[in-house]
Structures are given as structure tokens and as C-alpha cells.
Amino acid sequence: MNIIGINAFHADSSACLIVDGVLISAVEEERFNRIKHWAGFPIESIKYCLKESNLKISDIDHISLNIDPKANYFKKVLFLIKHKPSLKLIFNRLKKKNKYNSIKEIIDNEFKDNIFKGQITHIEHHFAHLSSAFHVSPYEKSCVLSVDGFGDFASTAWGYANGTKIQIDNKIYFPHSLGIFYQAITQYLGFKNYGDEYKIMGLAPYGKPTYVDQLKKILLIKKDGKFELNLDYFKFHKENFNYRWENGKVEIEDLYTDKIIDLLGPERKQNEQLNEFHKDLAHSTQKVYEEAFLNILNNLYKKYQNENLCIAGGCGMNSVANGKIKDNTKFKNIYVQPAAGDAGGAIGAAFATYYKNTNNKRVFQMKHAYWGTSFDNNQILECINKNKKSIKDQKCSIKYFSENNELNKIVAKDISDGKIIGWFQGKMEWGPRALGNRSILGDPRRSDMKDILNLKIKRRESFRPFAPSILREHVSNWFKNDDEVPFMMKVYQIKDDKIKDIPAVTHVDGSGRLQTVYQETNKKYYDLINEFYKITNIPLVLNTSFNENEPIVSKPDEALDCFLRTKMDTLVMENYIIKRL
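By the working numbering, the letter at position 522 of the sequence shown is numbered 529, and the numbering carries on one by one without gaps.
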């Protein structure tokens, strides 16, 4: 059975392909069209998935979407009766629904020479999220939790999974949402772009929990694991709220009413300097979020007494909260797949459809995130030759290495000498994290490396941390928690005696958002870090995404362009090294 899963007409549009229950490819549309969080139809992603597997659209049995317009129907009717939202808001929702009904037409138009004969399948949003985590996890049985903004009129769902079956016990419905709570404060603090919530995570450790009491007037946490928003502080549910995705770019107006300004004071302007109030509010927001999140989890464990947990949904990207689960609940094993947000719903839709239509056992486990585009040395050379004049104009050398061992030794030495490396190899990562295939690398020992990277390349807020990629077998020597973190989805405290050795990847609170690196899933990256370890006795490198205020680079041309327009010292593309002299 061949199934394409898609997340369409929603932020982080994406597609994947599974064949007989095994994931073959998965990619986000933004990597092709270069528009961050793009929210249209993922046609280029679908074409890539088909090309990668030598399939035609006529070979596909199902195209599965991570949305079901019929889901939670009676909850929607009750809301309309009770709240009487504006007619324009209702019209906009119906217009969006019609987009999903037109998918067969879009497919037919794009593949005119080859007819899609399969079924269009709709999977409820949160069921797709839960499937995206559990059905690719290492667990036979597990508690499951999905938390995000909204999807199919719900924001949260939790329950239990066994074998291939997922049972949802409870949901929290529109308009109550942890994702909306976090996003609203993110906007209030002047970070208005869609997806800016990670900036609050980065800012939070600089502050104190001064405003917890005020925020608990906005988010009401209940004893049974549930929560509610105090709707007096929000407008997204009742006015003609603007949620636009024209031409695929997501734009959301402020979610909150002026009452939040009455409670907290004037909102931060976008370019206003951050002060103690902003830092304290960020810290308080993260703390209140964590309390609500852990409240759900403790109630979930109390019911099922199972130490395994799978998390999905946009809030599953809150790696700080994820890193606190072991110390604050009885869960011992936590799995979060690399695209926990809405892009990952494509995988969930595909796997949910597969298990709905077969009695087969699970045969696939997602141990790595490398499911996207790749380029061989011939394609790299073609890119270099095409841009040779620009490379020479910037006084760069070009060298080919037939052996990875020799290349890794040179690059590891460059990192140890304080050079900044663009690292482009293998298949592109699935999800928003660079995990050693589309990465910028640096020396974690240098206290000034964070400032150098922000100034020379990333051009981003100075308070945001950089991540350590660490050899798996060394985690217990460097971090207070010994855990599997292949997708950089958990933040743990660095051991006190090690902080001085790796200041560039240690956040202000002594934590690091680690990635555990394995020889069996990424040998070249593992061997590079190991070479750095031989030189420095430090088994980790600084890792950040290969981009500059854009989607992560996908093609060699994009990697080379980013290298040439920034001040990176070295670019590695497969077996080629381009160095500034």
C-alpha cells in the first residue's frame, strides 16, 4: 500500500510517503519555495516524494490529510449557538473548508499525464498528531499527548496507545488552548511572526517568575489535567479575526484584547530594547505553561501507570518543558518525533490511514530525521563550476577529498581553531532542527562563539542559545540527565563542572538543548565530532541551522549562496571543501 500524507492549507505545509508501513521520504514545502512556514498546498513536496521512490501518482492508494472537517461537529454547533461569532468569521472558516474539498482537483491539474485513482482520506487533526509520534516510536504501549494551537476545533488530546491502536480519552476544545496562550504572550512581547514562540523559550532563563499570578488570571489550570483560557483576554474566538495565508505566507493579527494591557501594562514594540519586565514575563509564561503541561501528564500517568510517553503537536516543540518531564512526572521514556508540529501531521495522517486499512503489525521506527533531498558529488561539482567566478572573487580555495576520514580531520581542526563551518551532507532533515546534515558548526569551548555567529551569520537576537551535538556515549559525563535525544527535542542541565568547558552551548541557566549523535544513523557527522574529541577532549560541537533568516538550505546552490553572503570560514558539501584563504 502506497500512501502520501499531507499537511495542506495550514502553516508548515508538508508531504511524506509511506510504502507498506515504512516511511520512505518526508519534506516541508518551505524548503522548495523558500517561504518560511508556508501554508499552501505541498505540491513540490509530493513531487519529490514520488520521484524519490520512482512512483507515479497513479501508484498511490491514498492521499491522507491531517484534518477532518466533519470532526467534533456537535462541539462546533454548540459553540456557534453559545458564542454567536461574526458572520464573516464563519464565512472564512467555510472558505477554508472548501479548499480541502478541492484537493482531488488540484492533484488532477498537477498530474495531467497520470491520473490519481486512489482515495482522499481525512484523519482528525489530533489523531494524526498522536499517530505521528506513537506509530513511529519504539514503544509497543504508551501514553500519548497532543498539544497545539488548534486543529479540527480542538487544541489538546490525550489517551493511550497499544500496538497499532490509539484511544483518545479526552480533548480540550476551541477556544481553550495552551498554544494560543503561549502565542498571545509571544505577540505581546513584540515577536509577531508566526512561529516565534521559541524566542520566548530562549528569553525565559534571563528572567524571574514575577508575573505568574497575573498569568494565572489568563490561563486557568484545573485539578483533573484540564485548563481553560479566561476569554476576556482574547479576541480570536469572537471577532472577525484575521488569520491570513495568502500566497502561502502565514500572518496572524494579535490574539489578545486590551484587557491584557490593563493587566500587564504596555506591550513591547517590535524593535524596543528588552528589559527586565520582558524577561520576567517570558520566564513566567514558560513556568505557567509548564505547570499546565505537567498537570496533564501527571493525570495521564495516574490513569495508565505506563512509563512510556509520546508527545506531538506544536507545543511538543517546547524542548524546555520536555526536558522537565522526567524530573516532574513518573514517565521514564519520552519520544517526540522531529517534526512534532503541524508538518508532522502528514506522517500521522499516512500511518493512521495505513493501520486503519490493514491488520499489519508495526514494522517501522523513526530513529533518524534524514528523509529529505540529497545531492551527490557530481551535483556538488556542477554547482561549484557554475559559481566558480563568485568563489574565486571571494578568494576561496576548492578541494576534493576522496576519503571522509581525511576531510573530517581537516574540518575538526578548523573547528578547534575557531573557524565557522557550513556543513552540507546526506539527506536533508525532516522538521525545523538542523541535525548534522544542513548545519553550521562551531567550537563550543569559545565564550565568544555565540556572539561571532550572531554577528557574522545568523543576524538574530543575542539571547538565543546554540545547541550542542554530542556523541551518545558521552551524555552521562556532560549532562545531568542521561537520555536519548536524537531530534534535539529536550533541554537538560549541563553538569556544573563542565559548564566552563563549553560556554558557547551553555545557556544562561546552565542548560543545553542537546542532540545525541549515533554512528549507526549519521556516521559522517559522528566521525567528525569524534575527530574534534580527539583534538580537544570535548565530545561535542556547536550546531545551529544552516540558514540566515530563511528556511534551512535544501540545495547546494542555497548552501553556497549563504556561505558567500555571510562570513563563514569554510563550506563542506559532501566531499568538497571550499575555504576562505
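C-beta atoms are modelled at their ideal positions from N, C-alpha and C, and glycine is treated no differently. Treat the numbers as computed from the prediction; the structure is a model and nothing was measured.
Taking three-plus beta-carbon pairs below 8 angstroms as touching, is the region 111-131 in contact with the region 142-154? Cβ pair count under 8 angstroms is below three, so no.
Sheet register partners of G449 (DSSP bridge): G449 has L549 as its beta-bridge partners, per DSSP.
Same chain, Cβ closer than 6 angstroms to I67, neighbours up to 5 away in sequence not counted: Hits under 6 angstroms: N9, I11, G125.
Can you say whether S109 is buried or exposed, counting buried as having 16 or more other CB atoms within 10 angstroms of its CB? Exposed: under 16 other Cβ atoms inside 10 Å.
Helix, strand or coil at W600 [DSSP, three-state]: The chain is shown from 8 up to 588; residue 600 falls before or after that span and cannot be answered.
Name the two residues that bound the continuous beta strand (DSSP E) containing E235. If you look at E235, you'll find it in the beta strand (DSSP E) that goes 234-236.
Out of K54, L547, S184, I584, state which residue places its alpha-carbon closest to the alpha-carbon of A299. The shortest C-alpha separation from A299 is found at S184.
Apart from the five residues on each side of it in sequence, which residues of its chain come closer than 8 angstroms, Cβ to Cβ, to L588? These residues qualify, in order along the chain: K402, C403, S404.
Neighbour-count burial assignment, N61, 16 or more Cβ in a 10 Å radius: By the 10 Å Cβ count, N61 comes out exposed.
Compare the C-beta of S381 against all C-beta atoms of chain B and say whether one is closer than 9 angstroms. No chain B is present in this structure, which holds just one protein chain.
Quick check: what's the CA-CA separation for S423 versus T543? Cα atoms of S423 and T543: separation of roughly 7 angstroms, rounded to the nearest angstrom.
So K497 packs on S326, CB below 8 angstroms; how close in whole Å? With 8 angstroms as the limit, K497 and S326 qualify as a contact, their Cβ atoms being about 6 angstroms apart.
On the three-state DSSP scale, how would you describe K337? Of the three classes helix, strand and coil, the one that applies to K337 here is coil, per DSSP.
Taking 9 angstroms as the threshold (C-beta atoms), are T523 and P493 in contact? Yes.
Who pairs with A168 in a beta bridge, going by DSSP? When DSSP reads this structure, A168 sits in a beta bridge with S149, I173.
Name the two residues that bound the continuous beta strand (DSSP E) containing M580. 577-580 is the span of the beta strand (DSSP E), which, as asked, contains M580.
Between the alpha carbons of V29 and T171, how many angstroms are there, rounded? Between V29 and T171, the C-alpha separation is close to 14 angstroms.
Collapsed DSSP secondary structure at K492 in the structure displayed: Inspection of the sequence shows that residue 492 is occupied by Val rather than by Lys. Looking at V492 - three-state DSSP - the assignment turns out to be coil, as it is neither helix nor strand.
Beta-carbon proximity check, G355 vs S52, cutoff 9 angstroms: No, the pair does not count as a contact, with Cβ atoms beyond the cut-off.
Please check the pair P216 and K331, which I expect to be a contact at CB under 8 angstroms, by giving their CB distance rounded to whole angstroms. Not really, about 14 angstroms apart at Cβ, beyond 8 angstroms.
Spatial distance of I3 from F123 (CA atoms): The shown model of the chain, from 8 to 588, leaves out residue 3, and the question about it has no answer.
Could you tell me the alpha carbon to alpha carbon distance between I459 and I398, rounded to whole angstroms? Each residue's Cα considered, the two are about 23 angstroms apart.
V84, DSSP secondary structure in three states: DSSP places V84 in the helix class (H, G or I) of the three-state scheme.
Indicate whether the contact test is met: 3 or more Cβ pairs, each with one atom in the region 348-365 and one in the region 18-37, closer than 8 angstroms. Counting Cβ pairs under 8 angstroms, three or more are found: they touch.
Which stretch, first to last residue, makes up the beta strand (DSSP E) that contains R587? For R587, the enclosing beta strand (DSSP E) begins and ends at 583-587.
From the DSSP output, read off the bridge partner residues of L270. Within the DSSP bridge table, the entry for L270 names no partner.
Is the region 514-534 close to the region 434-446, with three or more CB pairs under 8 angstroms? Contact between the region 514-534 and the region 434-446 is present, because at least three Cβ pairs lie under 8 angstroms.
Measuring straight from C-alpha to C-alpha, what distance separates H132 and A15? About 12 angstroms.
Taking DSSP's pairing of strands, which residues face Y499 in a bridge? Partner(s): G519.
Is there contact between the region 371-390 and the region 559-571, where contact requires at least three CB pairs shorter than 8 angstroms? With three or more CB-CB distances shorter than 8 angstroms, the region 371-390 counts as touching the region 559-571.
Would you kindly work out how many angstroms separate the C-alpha atoms of K224 and G272, rounded to a whole number? Going by the C-alpha atoms only, they are around 15 angstroms apart.
For G158, the residue or residues it bridges with in DSSP: Bridge partners of G158: A161.
Checking 9 angstroms against the spacing of the C-beta atoms, do I179 and L288 come in under that value? Result no, Cβ atoms of I179 and L288 do not sit closer than 9 angstroms.
Report all residues from its chain with a CB closer than 7 angstroms to the CB of L238; omit the five preceding and five following residues, and keep chain order. Closer than 7 angstroms at Cβ, skipping near neighbours: P182, H244.
Expressed to the nearest angstrom, what Euclidean distance is found between the alpha-carbon atoms of K310 and K339? The straight-line gap separating the alpha-carbon atoms of K310 and K339 is approximately 16 angstroms.
Three-state secondary structure (DSSP) of F241: Judged by DSSP in its simplified three-state form, F241 adopts strand.
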